[in-house]
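According to my numbering, the sequence shown is numbered sequentially starting from 275. Cβ atoms here follow ideal geometry from the backbone N, Cα and C, with glycine treated the same way. These numbers were taken from a predicted model, which means no experiment stands behind them.
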Amino acid sequence: MTKFSDLKLDPKVLKAIDDAGYEKPTPIQAGAIPPALEGRDVLGIAQTGTGKTASFTLPMITLLAKGRARARMPRSLVLCPTRELAAQVAENFDTYTKHMKLTKALLIGGVSFKEQDALIDRGVDVLIATPGRLLDHFERGKLLLTGVQIMVVDEADRMLDMGFIPDIERIFSLTPFTRQTLFFSATMAPEIERITNTFLSAPERIEVARQATTSETITQGVVMMKPSRRDREGSEKRTLLRALIEQEGEKCKNAIIFCNRKVDVDITAKSLKKYGYDASPIHGDLDQSHRTKTLDGFRDGTLRFLVASDVAARGLDIPNVSHVFNFDVPSHSEDYVHRIGRTGRAGREGTALMICTPRDEKNFDAIEALVKMEIPRVENPVQAKKAAKAEKPEEKVEEKVEEKAEKPARSKPARSRKSSEKVEAAPEKQPEPVKQEQPQQQPKKQSRGRGGRDNRVVGMGDHMPSFIALSFEERRAS
Ligand code: ADP
Ligand code: MG
Numbered sequence: 275m276t277k278f279s280d281l282k283l284d285p286k287v288l289k290a291i292d293d294a295g296y297e298k299p300t301p302i303q304a305g306a307i308p309p310a311l312e313g314r315d316v317l318g319i320a321q322t323g324t325g326k327t328a329s330f331t332l333p334m335i336t337l338l339a340k341g342r343a344r345a346r347m348p349r350s351l352v353l354c355p356t357r358e359l360a361a362q363v364a365e366n367f368d369t370y371t372k373h374m375k376l377t378k379a380l381l382i383g384g385v386s387f388k389e390q391d392a393l394i395d396r397g398v399d400v401l402i403a404t405p406g407r408l409l410d411h412f413e414r415g416k417l418l419l420t421g422v423q424i425m426v427v428d429e430a431d432r433m434l435d436m437g438f439i440p441d442i443e444r445i446f447s448l449t450p451f452t453r454q455t456l457f458f459s460a461t462m463a464p465e466i467e468r469i470t471n472t473f474l475s476a477p478e479r480i481e482v483a484r485q486a487t488t489s490e491t492i493t494q495g496v497v498m499m500k501p502s503r504r505d506r507e508g509s510e511k512r513t514l515l516r517a518l519i520e521q522e523g524e525k526c527k528n529a530i531i532f533c534n535r536k537v538d539v540d541i542t543a544k545s546l547k548k549y550g551y552d553a554s555p556i557h558g559d560l561d562q563s564h565r566t567k568t569l570d571g572f573r574d575g576t577l578r579f580l581v582a583s584d585v586a587a588r589g590l591d592i593p594n595v596s597h598v599f600n601f602d603v604p605s606h607s608e609d610y611v612h613r614i615g616r617t618g619r620a621g622r623e624g625t626a627l628m629i630c631t632p633r634d635e636k637n638f639d640a641i642e643a644l645v646k647m648e649i650p651r652v653e654n655p656v657q658a659k660k661a662a663k664a665e666k667p668e669e670k671v672e673e674k675v676e677e678k679a680e681k682p683a684r685s686k687p688a689r690s691r692k693s694s695e696k697v698e699a700a701p702e703k704q705p706e707p708v709k710q711e712q713p714q715q716q717p718k719k720q721s722r723g724r725g726g727r728d729n730r731v732v733g734m735g736d737h738m739p740s741f742i743a744l745s746f747e748e749r750r751a752s
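Structure follows, in structure tokens:
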């Protein structure tokens, strides 16, 4: 098995890795670092969370250790799709170069041009940028890309999704033909294949996981839910989300909740907060300082639930996420792989649960086709509860108590409309809003009284509790 010390990295880099507590290189690192150190082009394909950042950063800084920065001509360039990702790569640089004297500049939206211009004027070894912002600087004549010896394209598949390919092509053409190119992606779309064929020269291709596979350390599940009425879909999904969170109980240390649309990111975060959950939204319309603060809080554990859009969360390095909830089925199946890749990182255990409505079934099928597995169906805790109540109401003392608590939660707050949908108000009369739920959809407060995961995650057709069937009939009747 490869050790970092076998990899011919600069001793100062090795020391920083040691300080970071890394014991051995990940497979993509073991594969990409040697050819990169030889000056070859590298095409690295590995799923999220496999350590791609260090795969290019470590050889890059080892190579840059020789030589000096020149005014306005950065020696290397890292392109990232979002400012969060760029900031994260910058943090990684700081970690790995802590025993070296390499300088960097960060060109991203929300950071002032003036400061970054000053840095670039003095000369930087590493320029980390989002494509749009880089081209803005370039067009203002403050920057020359003719000194770039190493160029990195990180998270290329997201670049493609975000429409950055023309920008990337332009940037490639502004850098010297002789540059070394390190190109990383979690998946290989045909368009990305085309770019690499055009701009990489005889690259060493390192493909670690099969394309679009999900980590085996992630327990996946999907709840098939049918809204009772179309205009109740949003609020019923939120009720279900809370029920799932409660059902996971203490196992759910923290979670990222993905929504497809920004407006739903906001509504869901607001709703969770109303019900007493520690949640904050993150998406592209929120200003940079706000996003940074939210993310920092989530990283250091002061924030438990991060409600996110795909763009905001792509590639974010957030260690120790125990759960991912897909509030919506992503419309691009590859996003499913990226989303759930936020958990189960670096060999840790993780859980990814998704809510699927009949409308989502086409997208859901595409996901199962992509990941080449059947995602286990999880019983709907809200429905199960309802059915259990209908079957033997007297036996459940605990539920009677809950039922009482439910009464004040009239159906009024549940009414909401599509896009102008308002967050349902938690009923004011109750002292503890956490306990308030939508009428008749009260999820179990704790998973303790239940059988736990094995009982709950049920493969299709394996064992189907009778009350599930009952609830289907009920729905058919209504
Ligand atoms: P990717 O870009 O492939 O999604 P990252 O580069 O963001 O993954 O790394 C994911 C996480 O793994 C980070 O928290 C990083 O610090 C950690 N990591 C990277 N390399 C190693 C290693 N060799 N040993 C242990 N942890 C590592
Ligand atoms: Mg990455």
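Going by the C-beta, is Glu327 closer than 6 Å to any heavy atom of the ligand MG? Position check: residue 327 holds Thr in this sequence, whereas Glu was assumed. Thr327: yes, Cβ under 6 Å from the ligand MG.
Could you check whether the Cβ of Gly323 sits closer than 6 Å to any heavy atom belonging to the ligand ADP? yes
According to the Cβ coordinates, are Ala339 and Asp284 closer than 7 Å? yes
Nonlocal neighbours in the same chain, by C-beta distance under 8 Å from Asp561, ignoring five residues either side: Gly384
From Asp570 to Ser475, what does the alpha carbon distance come to, in whole angstroms? 39 Å
Figure out for me which residue from Ile469, Lys378, His557 and Gln303 has the closest Cα to the Cα of Ala343. Lys378
Reduced DSSP secondary structure (H/G/I, E/B, other) of Lys525: helix
Taking 8 Å as the cut-off, does the segment 596-609 touch the segment 641-648 (at least 3 CB pairs, one atom from each stretch)? yes
CB-CB length for Arg633 against Phe532, believed under 8 Å: So it is not a contact: roughly 17 Å between Cβ atoms.
Under 7 Å, do Thr336 and Val287 count as touching if we go by C-beta distance? yes
Taking the alpha-carbon positions, what's the Ser386 to Cys354 distance? 18 Å
Regarding Pro299 and the ligand ADP, is the C-beta to nearest heavy atom distance less than 6 Å? yes
Could you please give the first and the last residue of the uninterrupted beta strand (DSSP E) stretch that includes Pro555? Ala553 to Ile556
C-alpha gap between Phe278 and Ile302, whole angstroms: 13 Å
Nearest-angstrom Cα distance between Lys709 and Lys500? Its pLDDT being 39, under 50, Lys709 is placed unreliably in this model, and the value from its coordinates should be taken loosely. If I take the Cα positions, the gap works out to 24 Å.
Distance, Cα to Cα, Thr235 vs Ser509? There is simply no residue 235 to check, as the chain begins at 275 and stops at 752 in what is shown.
What are the complete alpha helix (DSSP H) segments, minimum 4 residues, inside the segment 583-632? 584-587 and 607-614
Between which residues of its own chain and Thr568 is the CB-CB distance below 8 Å, once the five residues before and five after are set aside? Ser554, Pro555, Ile556, Leu560, Leu577 and Leu580
At a cut-off of 6 Å, would you count Tyr296 as near the ligand ADP, judging by its Cβ distance to the nearest heavy atom? yes
Between the Cα of Ser583 and those of Ile402, Phe599, Gly575 and Cys630, spot the shortest distance and give me the residue it belongs to. Phe599
Can you list, in chain order, the residues of its chain whose CB lies under 7 Å from that of Asp540, leaving out five sequence neighbours each side? Pro555
Anyone know if the C-beta pair for Ile319 and Met462 falls short of 7 Å? yes
Gly618 and Gln321: beta carbons closer than 7 Å? no
Starting from the Cα of Arg503, find the closest Cα among Thr631, Leu281 and Arg651 and give me that residue. Thr631
Do Thr404 and Ala360 have their C-beta atoms closer together than 7 Å? yes
Could you check how far apart the C-beta atoms of Leu417 and Arg479 are, in whole angstroms? I think they sit under 8 Å. 31 Å between Cβ atoms; not a contact.
Minimum length 4: unbroken alpha helix (DSSP H) runs contained in the segment 412-465: 430-435 and 439-448
What are the start and end residues of the beta strand (DSSP E) that includes Gly318? Val316 to Ile319
Reduced DSSP secondary structure (H/G/I, E/B, other) of Thr542: helix
Here's a check: name, in chain order, each residue in its chain whose Cβ is nearer than 6 Å to the Cβ of Val426, leaving out the five neighbours to either side. Phe330, Val352 and Leu456
Among the residues of its own chain, which have a CB less than 7 Å from the CB of Gly406, if the five just before and after it don't count? Asp441
Could you spell out the range, first to last residue, of the beta strand (DSSP E) harbouring Gly495? Ile492 to Met498
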